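Number of protein chains: 2
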Amino acid sequence: MPSRSRHNHQKCIRDAVSAAERICVGRGVRLTPLRRQVLELVWSSHAPIGAYEVLELMAGDGARPAPPTVYRALDFLKTEGLVHRIETLNAFVGCAHPEAPHDAQYLICEACGNAVELEIDGLSRQIQKAAAREGFSVGGQTVEVKGKCGDCLGSRVS
Amino acid sequence: MPSRSRHNHQKCIRDAVSAAERICVGRGVRLTPLRRQVLELVWSSHAPIGAYEVLELMAGDGARPAPPTVYRALDFLKTEGLVHRIETLNAFVGCAHPEAPHDAQYLICEACGNAVELEIDGLSRQIQKAAAREGFSVGGQTVEVKGKCGDCLGSRVS
DNA sequence: AGTGTTATGTTATACTATAACAATTTCGTC
DNA sequence: GACGAAATTGTTATAGTATAACATAACACT
Chain A
155 MPSRSRHNHQ KCIRDAVSAA ERICVGRGVR LTPLRRQVLE LVWSSHAPIG
205 AYEVLELMAG DGARPAPPTV YRALDFLKTE GLVHRIETLN AFVGCAHPEA
255 PHDAQYLICE ACGNAVELEI DGLSRQIQKA AAREGFSVGG QTVEVKGKCG
305 DCLGSRVS
Chain B
155 MPSRSRHNHQ KCIRDAVSAA ERICVGRGVR LTPLRRQVLE LVWSSHAPIG
205 AYEVLELMAG DGARPAPPTV YRALDFLKTE GLVHRIETLN AFVGCAHPEA
255 PHDAQYLICE ACGNAVELEI DGLSRQIQKA AAREGFSVGG QTVEVKGKCG
305 DCLGSRVS
């Protein structure tokens, strides 16, 4: 989705935030100004962002919150499925399909840092089946793929 | 593999260590006493173990190494494919198939803590193909599945 | 306005990991 | 066996990530 050309990221952020507002209203949970700001900052790019980076960005305002403030907001957003945590990076990224909760699959570019959420056809089901064959009952899945995205391959930074 | 009954774990450790010795000799790298000890400790159970836990166990000897000592040994073992890192747990576990380097897929039981390495048929290839369809070139994959293993389900601790 | 609940602020600390440099050990070569 | 280069381990300090515990403030409902 974040292809170099023709990507209006301001709109990208706006869309994500209004979707979040709709979703939160629908669920009767509160997207407070703080949580909204953290969501905007997570969406400030398509590259996963660390909790302490978010904190730095908030400090620009002069406010400078303490870590728990940011972590709590991130926890809320994660619980509501508005952001995902990228385990291999200790970082957070906006969820592309926040309407329904789901396990995400990510392609993470080691050149530009962008992470794109993927729906690999039937992969979740396949994992579930393979696990069941071992007598294992699946709770949640983490699938993170590292490499280089098309844009970075195309520009031969390799 | 770690099914409650009929699992001689001492043999399990011995086998892992002798395999490691064979592999290291074959590659001309050195499985020093320190590295060997760390490998044994990682293999002390089938549950992933944190670096600082390894450190605690080593301290039992009176030696008490500093963190870098343990991390360096773990880095070596990981580079040689003798252990894998479980990203969702910040912990390490012995590799079940250390002969050839590979990306592992893990089923991690949230009840007993055991992690079993899985080879889901064609899953790596499938991920690679799905990525390629997005123009993405895959470097490495992380697949970690949380849930409950057959043993824990069977004993209805649920 | 009063009260229970939820959210945020604040301080301290736990946990995970690495940088930088010193000392030691190993190994090949003389 | 002595030497020097390379690899390994020791040591100290610090960076980076995350949460516990308790205080205060905002909100929502009567």
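Chains as they are written, first to last, in the numbering used here: chain A, 155 to 312; chain B, 155 to 312.
Don't be surprised by glycine CBs; every beta carbon is placed ideally from N, CA and C.
Since we're looking at a predicted model, the values are computed, not measured.
In chain order, what residues of the same chain have a beta carbon less than 7 Å from the beta carbon of residue i, not counting five sequence neighbours either side?
i, result
"A:N268", "P156, H200, A201, C303"
"B:P101", "With chain B covering 155 to 312 only, the question about residue 101 of chain B has no answer from this structure."
"B:Y225", "A205"
"B:V311", "Reliability fails at B:V311, whose pLDDT of 49 lies under 50, so the model's placement of it is uncertain and the value that follows must be treated cautiously. Around B:V311: A265."
"A:L272", "Q259, Y260, L261"
"B:P252", "A173, A174, I177, G235, L236"
Just checking my contact of residue i with residue j at CB under 8 Å: how many whole Å lie between their CB atoms?
i, j, result
"B:I281", "B:I262", "Not quite, the Cβ-Cβ distance comes to about 19 Å (not below 8 Å), so this is no contact."
"A:L209", "A:P219", "7 Å"
"A:S291", "A:D257", "Incorrect: roughly 15 Å between the Cβ atoms, too far for contact."
"B:F246", "B:I203", "6 Å"
"B:V270", "A:E288", "7 Å"
"B:A174", "B:L193", "6 Å"
"B:A284", "A:I274", "4 Å"
Where does residue i sit, in a helix, a strand or coil, going by DSSP?
i, result
"A:V311", "Note that A:V311 scores a pLDDT of 48, beneath 50, so its modelled location is shaky; the value from the coordinates is reported in the next line. Correct three-state label for A:V311: coil."
"B:C263", "strand"
"A:L272", "strand"
"B:T186", "coil"
"A:S278", "helix"
"A:S199", "coil"
"B:G294", "strand"
"B:A250", "coil"
"B:H238", "strand"
"A:A174", "helix"
"B:A220", "coil"
"B:G301", "strand"
"A:A286", "helix"
"B:A258", "coil"
Measure from the alpha carbon of residue i to the alpha carbon of each residue in the options, then state which is nearest.
i, options, result
"B:C266", "B:H256, B:L307, B:L211", "B:L307"
"B:Q295", "A:G294, A:G276, A:Q259, A:G180", "A:Q259"
"B:N162", "B:P252, B:V183, B:W197", "B:W197"
"B:G214", "B:V183, B:V171, B:L195", "B:L195"
"B:V171", "B:T186, B:G182, B:R160", "B:T186"
"A:Q191", "A:K300, A:E253, A:L228, A:R160", "A:L228"
"B:E298", "B:L243, B:A285, B:A174", "B:L243"
"A:L188", "A:P222, A:G180, A:A284", "A:P222"
Among the residues of its own chain, which have a CB less than 6 Å from the CB of residue i, if the five just before and after it don't count?
i, result
"B:G276", "none"
"A:G293", "none"
"B:K300", "I262, E264"
"B:L211", "L195"
"B:G248", "A170, V196, W197, V237"
"A:E207", "none"
"B:Q164", "none"
Near residue i, what residues of its chain come up, given a Cβ to Cβ distance below 8 Å and the 5 sequence neighbours on each side ignored?
i, result
"B:D169", "none"
"A:R181", "E234"
"A:I167", "E194, W197, S198"
Would you say residue i touches the ligand MG, meaning its beta carbon is less than 6 Å from a heavy atom?
i, result
"A:P221", "Annotation note on the ligand MG: not contained in the displayed structure, which lists no ligands."
ask   = Listed in chain order, which residues of the segment 280-297 of chain B have Cβ atoms closer than 8 Å to some Cβ of chain A?
value = Q280, I281, A284, A285, E288, G289, F290, S291, V292, G293, G294, Q295, T296, V297
ask   = Taking any Cβ of chain B, which residues in the segment 173-202 of chain A have a Cβ under 9 Å from it, in chain order?
value = From the segment 173-202 of chain A, no residue has a Cβ closer than 9 Å to chain B.
query = What residues in the segment 222-253 of chain A have a beta carbon less than 8 Å from any beta carbon of chain B?
reply = For the segment 222-253 of chain A, which is checked against every Cβ of chain B, the residues closer than 8 Å are E241, T242.
inquiry  = Give me the subset of the segment 266-280 of chain A whose CB atoms are less than 8 Å from a CB atom of chain B, sorted by chain position.
reply    = V270, L272, I274, D275, L277, Q280
request  = Would you list, in chain order, the members of the segment 254-265 of chain A that have their beta-carbon closer than 7 Å to a beta-carbon of chain B?
outcome  = If the cut-off is 7 Å between Cβ atoms, the segment 254-265 of chain A has L261, E264 near chain B.
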